[in-house]
Amino acid sequence: MRPSTSLRNQASRNYFTNYTPPSSTEAINGPVREPARDLVPANDRLIVGVDFGTTFSGVAAVYTSTPDDVEIIKSWPGGNGITSDKVPTEISYEYPANAPRGTDPTVKWGFQFKPEESRLRCIKLFLDRSQKLPFYVSPQETATQLKKFNKNVVDAVSDYLTQVYKHTMDTLTRRYGESFMASTKVEFVLTCPAVWSDAAKNTTLQAAERAGMGSMSDIQMISEPEAAAVYTLKAIQPNNLSVGDNFIVCDAGGGTVDLIAYKIVSLKPLRVEESAVGTGGLCGSAFLNYRFEEHVRSRLGHSRFDEMKLKKGKTWQMGLRYFEEFVKRNFNEDEHQEVNVPFPGLPDDEDAGLDSGFLVLTAAQIKDIFEPVVKEVCDLVQGQVDGLRCKGGVVSGIVLVGGFGQSDYLYRRLRAHFTSSEPPPPYTEMPTHAGAVAAGNGSIEVMQPVYAWTAVVRGAVLRGLEGNVVISRKARMHYGTSYATVYDEERHSVSERYWSPLWERWMVSDRMQWHIAKVSLSLIKRAFVAVRRARSGVSFLSISLEISVIYWNVTRMPNYLPLSTSRVAAPFPLAALTSPLASSTPISFYLVLSRTDEAGSPANKQGEAISPLSPIAFHYTRNFRPGQSLVVTDDLIACEADEAPAAYGRDLIHVCTLTTDLGAVPRSLFTRLTTTRGVEFDNLDFTLEMTVDSAGLGFELKVDGVRYGRVEAEFH
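Residues in the sequence shown are numbered consecutively from 539, following our numbering.
Right, dumping it as structure tokens:
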């Protein structure tokens, strides 16, 4: 039975007069302890997190002396007094009326637009050329708008971040005072998608630097799902977290959905490691808006719908707003048999389902709007689960964050897909759990934090406060460099060789050395494990591996055991055993497999620890004739294939060009050599060290372990 017209009208009036966004029901700034303005300790800082999103962006700040008081900026230019945890990632340009030639265009951004005004949307996605664009974003239209104002994508992103930066600094100045801000260092932490290329991450840093957020070397970056994991896992730490648990973080936003899996390494302090390579897709909540639009168009007819958008723009915006802020977040098929979406001013039409200014949507019709998008999200999560299970991992939970992550329907669909538990418990300030999981049925707990929409920006602030929580990451590709080596007639063709007048021998170039390798564990054919006791009484775990390739190493840090055959037995000392071990006793141990190059240098592989605290060294030797420039360049090359080639090929990816100025290295470290023809030249052995964190690569030059400066990286 439908509610009466008067009740529906009253419900609509209540919604639009009393409504505040769910994310803004708390006080705008909340109870915050005032920092002392008279004397600011020298090491105190303001940490500002910026979640630069596809459809919405958010900012959080915290003063290091009051680390529990994280503030979310909620008031924005053009907001007309309405608070929101985020601001639309939208920008436009226009020239002032009668402005002389050469005048810079004025900028509108965020909430400053009227519904009918055009603006640039989803500009963030254009930073990564390897990512697909949603169907509703036109590259041609975007390029036309930018060209009209002599702008490019990086300019637009920089201009948008400039507005965010200015508003953030104005807000913080009003909050803390000018003298406090003048004497306190402000550090920015920027987020980016987990699946972005290194070039896109670098471009984002460039835009942030141009916006005034600091130098590229000072701005910290963290991937969005990692930031969400940092916040969420710390929030649920008092509950049922255990060392060894795997959690999948699903950051479902407006345009994109990013996923990544983490394994708990320790609880105090909280430390995690990546347990699966991040994935993502274009299936954010913005696609629900477009499916809703197509549904309304089909109900009203094309001509009447177009007329409404053109002549009654506010009517359409009111209906869309209700869908966005109520239906998308709160729809639950168990509670809502139908939903009445307000479209004031439209005449009644029984065939179209229009009644007293409302379009009536049944639960089945809403499910039809949701289902294709939600299914894509479920498939992405299932892919992460399958990947972990294939490696023998057990998934303990799925953490749902982001704007779309607030959706009750998405939460229940994921819970139904991965669990068979009862409905979630009542509202709590802690993340809600879908219930206890049955030990034997493979069910996975689904968690939805209360602050799902701001989980990423809250995590970014925590990163700035506490540093890295993630101690190791997965290699998503092979990374390597090319080099020249001595010609070997058994391995190289004659056509590849060239004569080196300095080394005075035949050489071949474009050989690949893979410093970080993406290698499958399927290369292990068989493993044999036994516990043995030495004469001294010390127990050993004897591991014998039969592997299918040569040039492999078995290591257990810090020992390094080279393989010379295809089978090896390596003894590892165990802690004292308190009781005899039965043959069926499970044994846990850490084993690192790493493929080596021909010289025996170990390489990391996908599935093993790549720590930002443990740089990866690239070793080089260079020859210089007298007067030759000491500025050298090398390309960092990547390969997405499962097996990387031994030689350079067209299918490889040029990540960046590394420019190294060896002029800072003392001349005493160069070795003077002379050929048999009396030609003198200088030789230098040096190392480029690469560090890998969640949002980028860093490089340093070292000679004999001494740092001689940073290496410039130009990303392609």
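Using N, Cα and C, we set each Cβ at its ideal position, and we do this for glycine too.
- The straight-line gap separating the alpha-carbon atoms of Glu832 and Asp844 is approximately 11 Å.
- Separation of the CB atoms of Gly792 and Thr592 is rounded to 6 Å, and the pair is thereby assigned contact status at 8 Å.
- Secondary structure of Pro763 (DSSP, three-state): helix.
- Within the DSSP bridge table, the entry for Ile610 names Ala598 as partners.
- If you look at Trp854, you'll find it in the alpha helix (DSSP H) that goes Gly851 to Tyr860.
- Short of 8 Å from the beta carbon of Val803, and not among the five residues preceding or following it, lie these beta carbons of its own chain, in chain order: Val781, Arg809, Val810, Glu811 and Ile1009.
- In terms of CA proximity to Phe726, Leu1003 leads the group Lys646, Tyr1025, Asp917 and Leu1003.
- Leaving aside the five residues that flank Gln875 on each side, the residues in its chain whose CB is nearer than 8 Å to its CB run, in chain order, Thr900 and Ala901.
- Residue burial annotation: Trp614 is buried, with at least 16 other C-beta atoms found within 10 angstroms of its C-beta.
- Asp886 counts as exposed, since fewer than 16 other beta carbons sit within 10 angstroms of its beta carbon.
- Annotation for Phe1162: the continuous beta strand (DSSP E) segment containing it runs Ile1154 to Phe1162.
- Taken in chain order, the whole alpha helix (DSSP H) runs of length 4 or more contained in the segment 660 to 706 are 677 to 686.
- Membership of Val727 in any alpha helix (DSSP H) is not indicated; the residue belongs instead to the beta strand (DSSP E) covering Lys723 to Cys730.
- With contacts defined as CB atoms closer than 8 Å, Ser1020 and Met1050 qualify as a contacting pair.
- Judged by DSSP in its simplified three-state form, Cys788 adopts strand.
- At a Cβ-Cβ threshold of 8 Å, Arg1163 and Leu1222 do not count as neighbours.
- The C-alpha of Ala1179 lies about 30 Å from the C-alpha of Asn1006.
- Tyr1186 and Gln1166 have their C-alpha atoms spaced approximately 27 Å apart.
- Nearest in C-alpha terms to Glu873, of all of Tyr947, Gly857 and Lys913, is Tyr947.
- Taking 8 Å as the cut-off, the Cβ atoms of Gly941 and Ser823 count as close.
- The C-beta of Leu848 has fewer than 16 other C-beta atoms within 10 Å across all chains shown, which makes the residue exposed.
- With a beta-carbon spacing of about 5 Å, Thr770 and Val937 fall inside the 8 Å limit used to define contacts.
- Residue pairing for Tyr1036: DSSP places it in a beta bridge opposite Met1045.
- Under DSSP, Asn878 takes part in a beta bridge, and its partners are Val898.
- In terms of Cβ geometry, Val625 and Ile661 do not form a close pair [threshold 8 Å].
- Secondary-structure assignment with DSSP links Glu628 through a beta bridge to Arg659.
- Listed as beta-bridge partners of Asp1199 by DSSP are Val1169.
- If you draw a 10 Å sphere on the C-beta of Pro763, you find 16 or more other C-beta atoms in it, and that means buried.
- Within the DSSP secondary-structure output, Leu797 pairs in a beta bridge with Cys788 and Thr817.
- Here Thr644 is bridged, per DSSP, to Glu632.
- Here DSSP, grouped into helix, strand and coil, assigns Asn1006 to coil.
- Restricting attention to Met759, Lys686, Asp606 and Val608, the CA atom closest to the CA of Phe590 is found in Met759.
- Residue pairing for His1016: DSSP places it in a beta bridge opposite Cys1177.
- The C-alpha of Leu820 lies about 8 Å from the C-alpha of Lys670.
- Considering only Ala993, Phe664, Ile620 and Gln683, the residue with the shortest C-alpha distance to Glu632 is Gln683.
- By the CB criterion at 8 Å, Cys928 and Leu952 fall outside the cutoff.
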